[in-house]
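Participant: Got a structure here, written out as structure tokens. Questions coming.
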Amino acid sequence: MIEENACLLEQEILACTRCRLASGRLHAVPGEGPVPSRIIMVGEAPGEQEDRTGRPFAGRAGTILNNLLASAGLSRNDVFITSVLKCRPPGNRDPKADEITACKPYLDRQIVLLRPSVIVPMGRFSASVVMGQFGIPVGKISGIHGRAFPADAPHGPVIIFPVYHPAVVTHNPPLREELAADFRCLKEILAGSSGA
Ligand code: SF4
Numbered sequence: 003m004i005e006e007n008a009c010l011l012e013q014e015i016l017a018c019t020r021c022r023l024a025s026g027r028l029h030a031v032p033g034e035g036p037v038p039s040r041i042i043m044v045g046e047a048p049g050e051q052e053d054r055t056g057r058p059f060a061g062r063a064g065t066i067l068n069n070l071l072a073s074a075g076l077s078r079n080d081v082f083i084t085s086v087l088k089c090r091p092p093g094n095r096d097p098k099a100d101e102i103t104a105c106k107p108y109l110d111r112q113i114v115l116l117r118p119s120v121i122v123p124m125g126r127f128s129a130s131v132v133m134g135q136f137g138i139p140v141g142k143i144s145g146i147h148g149r150a151f152p153a154d155a156p157h158g159p160v161i162i163f164p165v166y167h168p169a170v171v172t173h174n175p176p177l178r179e180e181l182a183a184d185f186r187c188l189k190e191i192l193a194g195s196s197g198a
């Protein structure tokens with residue numbers, strides 16, 4: 003039943019025209035991964051490669067993410083990867099408030115369906131949206147990354163664990179080690195919550 007509902011939600015997203023981004027997309031990108039999923043990784047929005055392929059984190063940032071997941075003992079098959087917006091903003095501009103309002107209910111429904119124990123917002127934008135949803139004070143990503151924030155989701159307790167966006171290492175290489183350290187910490191959190 004849960005898989006069936008996830009499939010219906012995916013179809014709904016693929017056909018969605020709730021906001022202006024529908025008119026410029028090649029593909030909506032609902033996300034992919036196991037259903038249910040212990041971990042949800044949340045990016046900002048699809049980029050060019052994601053729009054072209056319909057898959058989340060399909061470009062260079064995706065390769066970086068794959069390596070980071072491996073360092074935490076994970077593969078893409080172990081996590082559900084999605085984003086706050088499911089369609090690409092033109093030119094990869096920042097999402098607009100009304101686009102977030104239109105699209106975020108999909109992320110909310112994915113969280114309810116997937117029943118994660120850990121949600122990992124990637125980047126300042128995603129961290130702001132996800133932490134705001136759970137009533138957690140939102141600070142600069144430089145001050146909150148790599149920290150575990152307990153929260154109550156509709157299905158039970160979750161840990162919100164913000165990290166830098168993987169793409170950050172392409173334009174700010176010194177942050178590579180901080181990002182790697184965050185994923186080592188994620189590995190410890192998962193080990194500590196196994197069987198929970
Ligand atoms: S961004 Fe979200 S709300 Fe806007 S058209 Fe795409 S799926 Fe629908």
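Residue 58 in this note's numbering sits at position 56 of the sequence shown, and the numbers go up by one each step. Glycine is no exception: its CB is placed at the ideal position from the N, C-alpha and C atoms. In this text the structure is predicted, and so the values were computed from the model without any measurement.
Who does Val120 pair with in a DSSP beta bridge?
Facilitator: Mapped onto the sequence shown, residue 120 falls at position 118. BP columns for Val120 point to Ile41 and Ile161.
Participant: Check whether the segment 169 to 188 and the segment 11 to 22 touch, using three or more Cβ-Cβ pairs below 8 angstroms as the test.
Facilitator: no
Participant: Out of Val86, Asn79 and Asp96, point me to the one whose CA is closest to Ala129's CA.
Facilitator: In the sequence shown, residue 129 corresponds to position 127, counting from 1. Selected option, being the one with the closest Cα: Val86.
Participant: Report the rounded CA-to-CA distance for Val67 versus Phe59, giving the unit in angstroms.
Facilitator: Taking the sequence shown and counting its residues from 1, the one referred to as residue 67 is at position 65. Taking the sequence shown and counting its residues from 1, the one referred to as residue 59 is at position 57. In the sequence as presented, Val is not what sits at residue 67; that position holds Leu. Computed Cα separation, rounded: 8 angstroms.
Participant: In the structure shown, what three-state DSSP assignment does Ala155 receive?
Facilitator: The count along the sequence shown starts at 1 and reaches residue 155 at position 153. Three-state DSSP puts Ala155 in a strand.
Participant: When you compare each of Arg57, Asp53, Arg78 and Gly64 to Pro91 by their alpha carbons, which one comes out closest?
Facilitator: Reading the sequence shown from its first residue, position 89 is the one you call residue 91. Answer by Cα proximity: Asp53.
Participant: Going straight from the alpha carbon of Arg27 to that of Arg95, what length do you get?
Facilitator: As a first step, residue 27 must be located in the sequence shown, where it is residue number 25. As a first step, residue 95 must be located in the sequence shown, where it is residue number 93. So the two alpha carbons sit approximately 14 angstroms from each other.
Participant: Short check: CB of Ala47 to CB of Phe185, under 8 angstroms?
Facilitator: Residue 47 sits at position 45 when you count from the first residue of the sequence shown. Residue 185 sits at position 183 when you count from the first residue of the sequence shown. In this structure, Phe185 does not lie closer than 8 angstroms to Ala47 by Cβ.
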